[in-house]
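As structure tokens, the structure follows; a few thoughts come after it.
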């Protein structure tokens with residue numbers, strides 16, 4: 045194991061997104077603050093409570109989850125694609141680093157970004173609307189697992205994509221709909237039966253409800269099922285990302 | 090006999106229907122300055138990319154100091170520093186930081202890399218640019234940074250893929266001098282180039298490659314002697330009848346008092362010619378040599394110029 049190499053690449057990946065924090069950290073925080081302001085001061089007065097909590101509180105766990113997973117995904121996806129397109133990848137592929145080490149460093153980088161963004165939105169909720177976090181450890185576990193899982197998935201997308209257009213397509217047509225249809229803004233009990241059934245095959249639905257339970261103590265799904273789904277997704281996406289990196293597909297000829 | 094620094098045997102590679110390498114054999118001794126000379130698309134970069142793990146080979150073997158570059162890649166890659174033809178772009182970090190990262194990928198911790206990085210930045214004239222981003226450097230500085238990056242982990246073998254492509258004459262000569270210095274420190278250098286002059290001036294041995302096959306290998310001098318046709322032209326004051334008998338062992342043409350000898354090696358042939366001419370009653374008025382170059386050899390072997 046090349047521990048120094050692994051640590052160096054991890055530092056690079058974390059340093060990369062911190063060096064452009066205006067693009068990678070602030071936007072999620074600002075858009076979440078806007079959601080809170082718009083829903084808190086306007087729409088909330090016209091929307092009744094959901095499962096005993098105000099609408100702004102209800103959506104906040106979903107916003108945390110959406111920020112976490114979109115940031116974790118885009119960190120690895122954009123970094124990998126950028127390295128491919130700007131000829132930086134040969135520096136890594138010709139170094140004594142294994143595919144496992146390269147994949148791991150990228151995944152950790154994306155996980156840190158997901159964690160930072162998720163935790164910042166969580167703190168925003170705590171300070172702005174007194175978000176009650178009933179199980180802080182559970183919340184952090186969910187944020188971590190989702191960061192790791194979607195960071196791995198982003199790495200897969202980044203490695204397979206050949207252009208920014210392709211990557212944007214994968215994110216816009218796949219990830220964003222899954223997030224919005226995962227129940228950020230509603231309880232699935234508000235949906236017709238057929239739409240409820242569709243939600244059960246959306247993995248993001250379980251992530252949102254899992255973290256909602258750890259924060260507000262309410263959920264549409266079993267929290268243990270959500271937890272094991274998060275673990276399952278983490279394992280599947282991590283294994284896929286590592287195997288793909290080891291195969292060299294789309295990055296070696 | 091020690092293992093060669095680089096050993097390649099029967100290497101083949103195809104990209105779809107295009108056969109890029111057709112059974113390449115190369116052996117480079119430790120400490121050798123070796124050149125791969127061939128036109129664009131000859132297969133030079135493919136060989137390098139297979140050696141360093143960027144391209145999967147189809148068949149054949151590649152080893153570095155006797156160890157396989159696929160199964161023992163951590164060892165072989167740690168011995169190689171590569172300056173690729175394409176300049177990479179990284180706009181996130183200053184160049185000094187990039188060198189620390191590069192050292193780190195090779196398992197060198199920052200405190201151990203510091204001296205070498207300071208030395209390299211100084212030698213490459215980049216000391217004042219250590220905080221600059223790559224995009225802020227001139228083309229020549231980027232090339233020098235590329236070389237510094239290849240040397241940051243103090244590798245035994247340095248692979249340079251067209252290091253002077255698109256570089257002005259002055260910088261090219263600076264880089265040549267630097268490469269000579271690096272080589273004199275005992276490093277093995279594998280250089281790919283399509284500049285004949287570069288191979289001729291720097292390399293102890295060259296392999297001429299075209300269409301994925303090594304056509305000829307040897308020192309530039311040996312190749313020009315073996316395959317080139319050098320000439321010695323001698324202007325005499327007159328040509329006595331007995332001259333023919335003294336020059337029987339030479340290939341030459343005569344035009345009045347001017348003799349043109351076709352020789353392999355002008356340096357060794359000239360004293361012999363003068364010796365034979367001195368047996369006759371002639372005065373030599375002028376002697377001129379025209380030596381063959383590697384370019385003639387390349388033309389002779391491939392039937393085309395290197396930039397065609």
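Residue numbers (my numbering), protein chains in the order written: chain A, 45 to 297; chain B, 90 to 397.
Ideal Cβ positions, reconstructed from N, Cα and C, are used throughout, including at glycine.
What you are looking at is a predicted structure, and each value in this text was computed from that prediction instead of being measured.
Residue-level contact to chain B via CB, residue i, 8 Å cutoff
| i | result |
| --- | --- |
| residue 48 (chain A) | yes |
| residue 125 (chain A) | no |
| residue 138 (chain A) | yes |
| residue 60 (chain A) | yes |
| residue 210 (chain A) | no |
| residue 56 (chain A) | yes |
| residue 199 (chain A) | no |
| residue 291 (chain A) | no |
| residue 195 (chain A) | no |
| residue 134 (chain A) | yes |
| residue 52 (chain A) | yes |
| residue 131 (chain A) | yes |
| residue 297 (chain A) | yes |
| residue 70 (chain A) | no |
| residue 122 (chain A) | no |
| residue 63 (chain A) | yes |
| residue 298 (chain A) | Only positions 45 to 297 of chain A appear in the structure, and residue 298 (chain A) is not among them; the question remains open. |
Residue i: first and last residue of the uninterrupted beta strand (DSSP E) it sits in
| i | result |
| --- | --- |
| residue 379 (chain B) | 373-379 |
| residue 463 (chain B) | A query on residue 463 (chain B) cannot be resolved here, the shown segment of chain B reaching from 90 to 397 and no further. |
| residue 304 (chain B) | 302-307 |
| residue 170 (chain B) | 169-172 |
Extent of the continuous alpha helix (DSSP H) run through residue i
| i | result |
| --- | --- |
| residue 286 (chain B) | 285-291 |
| residue 335 (chain B) | 332-335 |
| residue 91 (chain A) | Counting along the chain, residue 91 (chain A) falls outside any alpha helix (DSSP H), and DSSP gives it neither H nor E. |
| residue 390 (chain B) | 383-391 |
| residue 185 (chain B) | 184-194 |
| residue 61 (chain A) | 47-63 |
| residue 132 (chain A) | Unbroken run through residue 132 (chain A): none, as it is neither H nor E. |
DSSP bridge partner residues for residue i (one or two, in chain order)
| i | result |
| --- | --- |
| residue 344 (chain B) | B:347 |
| residue 298 (chain A) | A query on residue 298 (chain A) cannot be resolved here, the shown segment of chain A reaching from 45 to 297 and no further. |
| residue 315 (chain B) | Its beta-bridge partners do not exist; DSSP assigns none. |
| residue 324 (chain B) | B:347, B:375 |
| residue 354 (chain B) | Answer is none; residue 354 (chain B) lacks a bridge partner. |
| residue 156 (chain B) | B:153 |
Integer Cβ distance of residue i from residue j, believed to fall under 8 Å
| i | j | result |
| --- | --- | --- |
| residue 277 (chain B) | residue 121 (chain B) | 6 Å |
| residue 108 (chain A) | residue 165 (chain A) | 5 Å |
| residue 126 (chain B) | residue 288 (chain B) | 5 Å |
| residue 296 (chain B) | residue 285 (chain B) | The pair is not a contact, with the Cβ atoms about 14 Å apart (cut-off 8 Å). |
| residue 141 (chain B) | residue 138 (chain A) | 4 Å |
| residue 111 (chain A) | residue 76 (chain A) | 6 Å |
| residue 256 (chain B) | residue 232 (chain B) | 6 Å |
| residue 371 (chain B) | residue 329 (chain B) | 6 Å |
| residue 269 (chain A) | residue 250 (chain A) | 7 Å |
Within-8 Å CB hit, residue i to chain A
| i | result |
| --- | --- |
| residue 279 (chain B) | no |
| residue 198 (chain B) | yes |
| residue 177 (chain B) | yes |
| residue 141 (chain B) | yes |
| residue 191 (chain B) | yes |
| residue 234 (chain B) | no |
| residue 284 (chain B) | no |
| residue 256 (chain B) | no |
| residue 267 (chain B) | no |
| residue 144 (chain B) | yes |
| residue 341 (chain B) | no |
| residue 122 (chain B) | no |
Q | alpha helix (DSSP H) runs contained entirely in the segment 204-282 of chain B, provided each spans 4 or more residues | A | 228-240, 258-273
Q | Runs of alpha helix (DSSP H) wholly within the segment 210-243 of chain A (minimum 4 residues, chain order) | A | 220-224, 237-243
Q | Every unbroken alpha helix (DSSP H) inside the segment 95-154 of chain B [4 residues or more] | A | 133-141
Q) Which residues, in chain order, does the segment 152-173 of chain B contribute to contact with chain D at a C-beta distance below 8 Å? A) The structure shown contains no chain D; its protein chains are A and B.
Q. Can you list the alpha helix (DSSP H) stretches of 4 or more residues lying completely in the segment 135-212 of chain A, in chain order?
A. 143-173, 180-204
Q | Completely contained alpha helix (DSSP H) runs for the segment 232-297 of chain A, where each covers 4 or more residues | A | 237-243, 247-260, 267-291
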